[in-house]
Amino acid sequence: LRVLWYGEKIHVAVAEVVPGTGVDTPEDLERVRAELR
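Residue numbers (the numbering used here): 271 to 307.
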């Protein structure tokens with residue numbers, strides 16, 4: 271947001287594909303590893 275504060279412009283768009291869930295914990299990492307097996 272700092273770039274907006276300094277008067278710069280940014281480009282935004284609506285995402286066409288929803289990104290997957292994040293990997294924030296060791297449990298999340300294990301879930302992803304299991305899905306990739």
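Ideal placement from N, C-alpha and C gives every residue a C-beta, glycine not left out.
Just so you know, these numbers come straight off a predicted model, no measurement behind them.
Per-residue DSSP class, three states only, for residue i
i	result
ALA304	helix
LEU274	helix
GLU297	helix
Residue i versus the options, residue with shortest Cα-Cα distance
i	options	result
GLY290	GLU278, LEU299 and TRP275	LEU299
Nearest-angstrom Cα separation, counted from residue j out to residue i
i	j	result
ARG307	THR295	19 Å
VAL333	ARG272	The question about residue 333 has no answer, for the chain in this structure spans 271 to 307.
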